[in-house]
Every structure is written in C-alpha cells, then in structure tokens.
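These notes are about the structure you will find just below.
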Amino acid sequence: MAGILCRNIRKKYGEVLVVPDFNLEVTDQEFIVFLGPSGCGKSTMLRMMAGLETITDGELLIDDIVVNDLEPRDRGIAMVFQNYALYPHMTIRGNIGFGLKRLKVPAAEIERRISDVTEVLGLHPYLDRKPTELSGGQQQRVAIARAMIKTPKVFLFDEPLSNLDAKLRATMREEIARLHRKLRTTTIYVTHDQMEAMTLADRIVLMKDGKVEQVGTPEEIYETPRTHFVAGFIGTPAMNFLNLRRDGSALCGDGIDLTLDLSRFNVGKGQNVILGVRPANLQMATSEGPQVLSGTTDLIEYHGDQVLISFDVGSHRIHAFVPARERPKEGVGVKFSLNPAEVHLFDSETGLSLLRV
Ligand SMILES: Nc1ncnc2c1ncn2[C@@H]1O[C@H](COP(=O)(O)OP(=O)(O)OP(=O)(O)O)[C@@H](O)[C@H]1O
Ligand SMILES: [Mg+2]
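Quick note on numbering: this note's numbering labels position 166 of the sequence shown as 169, and the sequence is numbered without any gaps.
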C-alpha cells in the first residue's frame, strides 16, 4: 500500500494546456474521488498516474518514489476502466489469471490467487463460464478481480460503473465500498456521478479546468463549498443562486429585498454577492417577511415523499422541496423562508465563499 504525491503536475497535449498545475497529497489507504465536469482532466490525471500518458512537468510520487519515468507495470498500480473489455474467448478463470500467466507466475500460485480474489468478489460460481454468459455487473466484477489479483499498491478506477444501469450501479457501488474496507488499498476513483463521489470518497477532489477547485470530505464539500462553482456542482437539484448587492443591512436586487443576519460572512457595504440556498433548505412560509421569497408555482415535480416546486423571483428561477402531503397546486402563490444558518454567500467577481474562517 502507498501514499501518492502530485507536485506541480502539468499536462500539455501539443500546445493545449490541459492540466496547468495539479497538487495533491493522498494518504496511504485513502479512497479519493476525482469529480468534475466532462473535460476537466480527470482521466488525464489518472492516466498520468498509471503511466499511460507522459507528465509534461512536475513530479508524481508513489510510496515516496518519483515514478514519472517508470513503466506502468513497475508502478505497482492496477487500473479498471469504463470499457473493461474482457477476452471473449477465455473463461472467467482465464481472464482473471491472464496477467499473472504472462508474468510467468507458477500455475499453482495463480490458482491460489484466483481463488482468493473470486472469494472476495463472489465470482466462484462463474469461473468456467465465458464473459458473454455473465451479467454486466458480474463482468465488471471480473474486471475488478483482474486488477485485484495483481495485489497493487494503488487502484485506479476510471468511471468503472458508468455502463451499468442505475440499480446495478448502486449495488456495485456498495461492493466497491465493502472491498475497500476489506483491502484498504489506496484508491483513486474517477467519476462525474456525484452520488458515487459522496458515498465512496474519504475525500473528494473537485476539479475544474485541470485544477483542484476544492479537496475535502463529502460533508465539507457539501456543507462548506469554497467556491460558487463547487456549490453549484454538488447537490441535486443544484443549489439556488440569487445575484444580490449588499445595501445597508439588506441584500437587494431584481425585486428581492432580504434582511438576514450576515455575521457569519465577510461582506462589505455595496458588495455584489451571490446568495446560495439548497432546495431542501427552503421552508414553506405563511406570511411575507424580510427573509421570505415569494412567487407563483410553475412546475411541480413529483419525487415520491417530496415534490420539487419551481417558481420565479424576478429573473431568478428557484427550486424548493416540499413534503408531498403539503404540496401546493400549480399556478398559486407560494412563500419560502430562508434560514440564515443555511445560506451561502459568494463574491460575484471571484466566486469565492465569503464565510468567515
Ligand atoms: N490525446 C489528446 N489530445 C488532445 N487533447 C486531449 C487528449 N486527451 C484529452 N484531451 C483533452 O484534455 C481535456 C481533458 O480530458 P479528460 O479526458 O482528462 O477529461 P475528463 O475529465 O476525464 O472528462 P470526462 O468526464 O468526459 O471523461 C479535454 O479538453 C480533452 O479534449
Ligand atoms: Mg474521463
């Protein structure tokens, strides 16, 4: 097992700078998730760690050793991809053991290790089948077994579950979590599924344009997003945002005039801010007030226990969750109050959180 250190890593494809400066320290046994929008450089970072892409600049250390110039097979890593292409003509046993066979590991040793990993992953019953005779989830488990059997120091996963249907994805997510609890192998897991990130990660690395936007536990990222971007990226549906300006003790703009206790924030007079509040943190209110947003319900989405209401306040579209039993009809006036303890404030220009530290 091993720690990983990324020191000022840069990646250029020709003249295109994809990763300008990436820094991260991963502790031994940690489960790290790289999360971020499409094209932000998650796979590129992972492939540089695996040795499948060159590192333009900077240093990558695994287990305190600079591995920039080491071949993939000498880095002690194993990688599982989204397209896990098993060899169709080989049995499951053959697929899992293939890598070791190529390394000329003695047959008895291969058999012992196949037995160990298939035990952990519940693949025993399928060893003599061909890949096409397995379900998608079982095939994905074979791909994981194939990586595990190398007993790597580091596991690298690149969206390993994105080809599976939602239910299977949830099941496999649990299996991967259980596997990590058991093996404790340092893991970097790439996804753009925030539910996967929130449930699997010890720490999430939220990336944007090849840079680390925030690193933290799922709770830290969700509860104290460092930037407007992070706040908008995490949470479904997304956090509501209002563009406002501090005027005396009020926050005003576009037909909104809120008076909130702002003592948690560093906000200057006349400063332009973005106020954020999650749909689950808006409370239905019965009367107008200095902390209340009102509008006319537009769409009402049924989510089961709750409904998601949308309404406009000036040019702002607001979403709020309401218990299904209390749901209003479409086209009626509604009021929602803000709890000052549950709002976020960001500087309009820099996007940085204004929370006092
Ligand atoms: N071989 C390449 N040559 C040139 N540009 C590339 C190459 N591979 C990736 N890129 C660019 O690098 C950027 C990062 O790509 P990367 O595949 O790392 O994104 P990602 O975060 O994994 O996205 P996704 O979530 O869509 O998989 C993208 O803008 C992409 O177009
Ligand atoms: Mg990718």
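No residue lacks a Cβ here, since even glycine has one placed at the ideal position from N, Cα and C.
**Asked** Beta-carbon separation of Glu149 and Ile80 under 8 Å?
**Response** Glu is not the amino acid found at residue 149; the sequence shown has Arg there. No, they are not a contact pair.
**Asked** Would you say Tyr192 and Val36 are within 8 Å of each other, going by their C-beta atoms?
**Response** yes
**Asked** Looking only at DSSP bridge pairs, what is His347 linked to?
**Response** Gly279
**Request:** Return the CA-CA distance between Asp212 and Glu345, expressed in angstroms with no decimal places.
**Result:** 29 Å
**Message:** Please list the terminal residues of the continuous alpha helix (DSSP H) segment that includes Gln197.
**Reply:** Gln197 to Leu203
**Prompt:** What do you reckon, is the C-beta of Val193 under 7 Å from a heavy atom of ligand 2?
**Reply:** yes
**Prompt:** By how many angstroms is the C-alpha of Val22 removed from the C-alpha of Val310?
**Reply:** 41 Å
**Item:** Tyr87 CB to nearest heavy atom of ligand 1 below 7 Å
**Value:** no
**Request:** Figure out for me which residue from Arg281, Val208, Met201 and Lys14 has the closest Cα to the Cα of Asp63.
**Result:** Per the sequence presented here, residue 63 reads as Leu, with Asp not at that position. The candidate whose alpha carbon is nearest that of Leu63 is Lys14.
**Request:** Could you tell me which of Met242, Gly336 and Cys9 sits nearest to Leu296, measuring between CA atoms?
**Result:** Gly336
**Asked** Does ligand 2 have a heavy atom nearer than 7 Å to the CB of Ser46?
**Response** yes
**contact_flag[the stretch 81-100, the stretch 121-132] where n(CB pairs < 8 Å) is 3 or more** = yes
**Request:** For my contact list, His231 and Phe349 are in at a C-beta cut-off of 8 Å; report their separation, rounded to the angstrom.
**Result:** 4 Å
**Item:** Euclidean distance between Cα positions of Phe34 and Ile7
**Value:** 12 Å
**Request:** Have a look at the DSSP bridge pairing and note the partners of Asp67.
**Result:** DSSP, once it has assigned bridges, lists no residue as partnering Asp67.
**Asked** Among Ile12, Asp301 and Thr227, which one has its Cα closest to the Cα of Gly279?
**Response** Thr227
**Asked** With DSSP run on the structure shown, which of helix, strand or coil describes Glu329?
**Response** helix
**Prompt:** Taking all protein chains shown into account, do 16 or more other C-beta atoms lie within 10 angstroms of the C-beta of Gly39, making it buried, or fewer, making it exposed?
**Reply:** buried
**Prompt:** Just the Cα atoms here: how many angstroms apart are Gln32 and Met175?
**Reply:** 20 Å
**Message:** I'd like the list of long-range same chain contacts for Glu162, defined as Cβ closer than 7 Å, with 5 residues on each side in sequence excluded.
**Reply:** Gln85, Val193 and Thr194
**Request:** Identify every residue that forms a DSSP beta bridge with Arg13.
**Result:** Asp60
**Prompt:** Just the Cα atoms here: how many angstroms apart are Asp257 and Phe158?
**Reply:** 50 Å
**Prompt:** According to the Cβ coordinates, are Gly219 and Ile237 closer than 8 Å?
**Reply:** no
**Request:** Just confirm the distance between the C-beta atoms of Leu27 and Cys9, as a whole number of angstroms; I'd bet it's less than 8 Å.
**Result:** 4 Å
**Request:** Mind reading off the beta-carbon distance from Ile65 to Lys156? Whole number of angstroms is fine, and I expect it under 8 Å.
**Result:** 7 Å
**Prompt:** Looking at C-beta atoms only, is the number of pairs between the stretch 44-55 and the stretch 237-252 that lie closer than 8 Å three or more?
**Reply:** no
**Item:** Close-in-space but distant-in-sequence residues of the same chain around Arg187 (CB under 6 Å, 5 per side omitted)
**Value:** Gln32
**Prompt:** Is the Cβ-Cβ distance between Asn269 and Asn342 less than 8 Å?
**Reply:** no
**Message:** Tell me the rounded alpha-carbon separation between Ile303 and Ser313.
**Reply:** 7 Å
**Request:** Note the first and the last residue of the continuous alpha helix (DSSP H) segment covering Ser165.
**Result:** Run containing Ser165: none; DSSP gives neither H nor E here.
**Message:** Can you give me the C-alpha to C-alpha distance between His183 and Met151, rounded to a whole angstrom?
**Reply:** 11 Å
**Prompt:** Is the CB-CB distance between Ile224 and Leu209 below 8 Å?
**Reply:** yes
**Message:** Can you tell me which residues form a DSSP beta bridge with Ala323?
**Reply:** Ile312
**Prompt:** Straight-line CA distance for Asn243 to Gln294?
**Reply:** 15 Å
**Message:** In the DSSP output, what is Gly42 paired with across the bridge?
**Reply:** DSSP lists no partner for Gly42.
**Pairwise C-alpha distance: Thr47 and Ser41** = 12 Å
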